[in-house]
Amino acid sequence: MVNITYDASGDMVATADDGTVSVYNLGDIAWTLASTALVWIMIPGLGFLYSGLLRRKNALTQIYLGVMVLAVVSFQWFFWGYSLAFSETGSAYIGNLKYFGLKGVLDAPSMGSSRIPALVFCVYQLMFAAITPMIALGAIAERGRLGPVPVFVFMWSTLVYDPIACWTWSGNGWSFIMGGLDFAGGTPVHISSGTAALAISIYLGKRKGWGTERLSYKPHNTSYVILGTVLLWFGWFGFNGGSALSANLRAAQACIVTNLAASCGGLTWMLWDYRLEKKWSAVGFCSGAIAGLVAITPASGFVGAPAAVLFGFMAGTVCNFATQLKFLCNYDDTLDIFASHAIGGVVGNVLTALFAQASVAAFDGFTEIDGGWLDHHYIQLGYQLADSVSGMAYSFVMTTIILWIMHFIPYCDLRLPEGSSEEAQVVGMDEYDMGEFAYDYVGLEQEIVGEGRDGLGITTGGREPHHHHASHHSSSTEEEKRAPTTA
């Protein structure tokens, strides 16, 4: 039975059946719940970002996935996800079923912080669990079946996200005990999802016309790209600032460095793109801002503002050039998720090892860490690399195993049937799998007709085309190669 009272200062006092008393500040609870809502809005925001980067005939599927994934993970988190990630009696790799069905998740102090009750921590962490598979599912864009996605999301959350979250944030987790620093999800959220996207891309194979002008399209709705980025940037204040799990100076510092890294990342990526096309790209700015946000995520509670400038610059630079990996390694990552999230997460983890400061972590008044290289704690780089490599390898292998298990289960294969794959990609997944459209039939005929063109271009859509330098005196043929093939 829950026994709640309030003391003279207005703090909430929870008394357990055994007489244990826990005191919670209502301001800390309010900030964590507000941060929950901020992270929630990021999930459909990501759907709008992905939708805008695609062609109009595939625009609705990613917006739909934004809400569908949230629903599936909400059930999985209630069913056993929270218990597998955060049960105190679990192992160094995964929790047990102590909190199956959220049994007993009420007013006791949470694993994340004794300053908020477990129920508040549970719903906050649910949002991290929900956005992570959504990041990865951008890889199915334009060529993956929607029907098996709920099954995949349930399995992936159980077998990939929950174990990595456990070893990173649980008090029993091996990385946590080792001394790995991950304030808000560099490995559990970004490295795991970005690497899963790579595994999905390899499993699904290339889209029809990959490597030719047929896929030489620009994002169909740059307004959606900006809207999605705005919602993500807005929500990231709850993602990073809320990870302090308290309304304190450390939360404010996390918000400062989050905004600064995003700003510097956006400007850096945009400038790198300008050197090629001599155009000021809104898509480039948005891509760089997200790269900066990804990189600062593990470090946001550990680094000062000057370091955040470097985080943004390095993420905007490294992730921009990492988009060329798909050409070098010959895989079709439709939305450059591996480059932006997996590589960006590794950049963030490594820089955390260099610039984490014990003095910044102590802004909350009680956290103690050894810091990074600035504090002459040089072994921290080894800890961060071990965590990054483990998360990347585990996610790639386990995601591949899940995909191949589903491959042999009737109706669960994410691949399109061989006989209808080309037709589905021509008409678009909105028509093929949903029978609904983001814009009804506006412009759809032009887009489908465009599928009949053949060419020798080398771009494939996504955030970043194949790097080449533009010339103001290009021939008409070169201008046609850079033009989108769709409306």
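Start counting at 1 in the sequence shown, then tack on 203, and there's your number in the working numbering. Quick reminder that beta carbons are idealized off the backbone N, C-alpha and C, glycines included.
Taking 9 Å as the cut-off, the beta carbon of residue 242 is found no closer than this to the beta carbon of residue 310. Taken through DSSP and simplified to helix, strand or coil, residue 635 comes out as helix. By the CB criterion at 9 Å, residue 324 and residue 313 fall inside the cutoff. The beta-carbon separation of residue 332 and residue 360, rounded to 6 Å, stays under the 8 Å limit for a contact. The Cβ-Cβ distance between residue 346 and residue 537 falls below 9 Å. Membership of residue 520 in any beta strand (DSSP E) is not indicated; the residue belongs instead to the alpha helix (DSSP H) covering 508-525. Contact between the region 290-298 and the region 337-355 is not established, with fewer than three Cβ pairs separated by less than 8 Å. Under DSSP, residue 225 takes part in a beta bridge, and its partners are 217. Annotation: the continuous beta strand (DSSP E) that includes residue 207 extends over 207-209. Contact between residue 457 and residue 504 holds: their C-beta atoms lie close to 5 Å from each other, under 8 Å. Residue 245 holds the alpha-carbon nearest to the alpha-carbon of residue 496 among 245, 215, 225 and 222. Here residue 248 has 431, 434 and 435 as same chain residues with Cβ atoms under 6 Å from its own Cβ, once five neighbours each way along the sequence are excluded. Residue state for residue 284 is assigned as helix, using DSSP reduced to three classes.
The C-beta of residue 533 has fewer than 16 other C-beta atoms within 10 Å across all chains shown, which makes the residue exposed.
Here residue 306 is exposed: its Cβ has fewer than 16 other Cβ atoms, across all protein chains shown, within 10 Å. Every alpha helix (DSSP H) stretch that sits fully inside the region 353-422 and reaches 4 residues is listed by chain position as 365-372, 377-381 and 395-407. If you check the CB distance, residue 554 and residue 498 come in under 9 Å. In the DSSP assignment, the residues bridged to residue 618 are 347. Here the region 452-467 does not lie against the region 479-488, with fewer than 3 beta-carbon pairs under 8 Å apart.
Residue 571 and residue 617 have their alpha carbons spaced roughly 45 Å apart. Excluding residues up to 5 positions away in sequence, 586 and 590 lie with their Cβ nearer than 6 Å to the Cβ of residue 383 in the same chain. Inclusion of residue 549 and residue 506 in the CB contact set at 9 Å is not warranted, their separation being larger than that value.
By the Cβ rule, the region 253-271 counts as touching the region 621-641, because three or more pairs are nearer than 8 Å.
By alpha-carbon distance to residue 428, the top candidate from 441, 342 and 262 is 262. When C-alpha distances from residue 566 are compared across 412, 218, 447 and 373, the shortest belongs to 447. In this structure, DSSP gives residue 642 an extended state, which the three-state scheme calls strand.
Residue 312 has 320 as its beta-bridge partners, per DSSP. Looking at the backbone, the Cα of residue 485 and that of residue 289 are separated by about 40 Å. By the Cβ-count criterion, residue 221 is exposed, with fewer than 16 other Cβ atoms from all chains shown falling within 10 Å of its own Cβ.
Pairing residue 395 with residue 594 gives a Cβ-Cβ distance under 9 Å.
Scanning 552, 472, 600 and 608 for the CA closest to the CA of residue 583 turns up 552. Counting other Cβ atoms within 10 Å of its Cβ, residue 213 stays below 16 and is therefore classed as exposed. For residue 578, same chain residues with a beta-carbon under 7 Å away, outside a window of 5 residues either side, are 560 and 561 in chain order. For residue 533, no alpha helix (DSSP H) segment is defined, and its DSSP state is neither H nor E. Shown here, residue 301 sits in coil according to DSSP, grouped into three states, outside any helix or strand.
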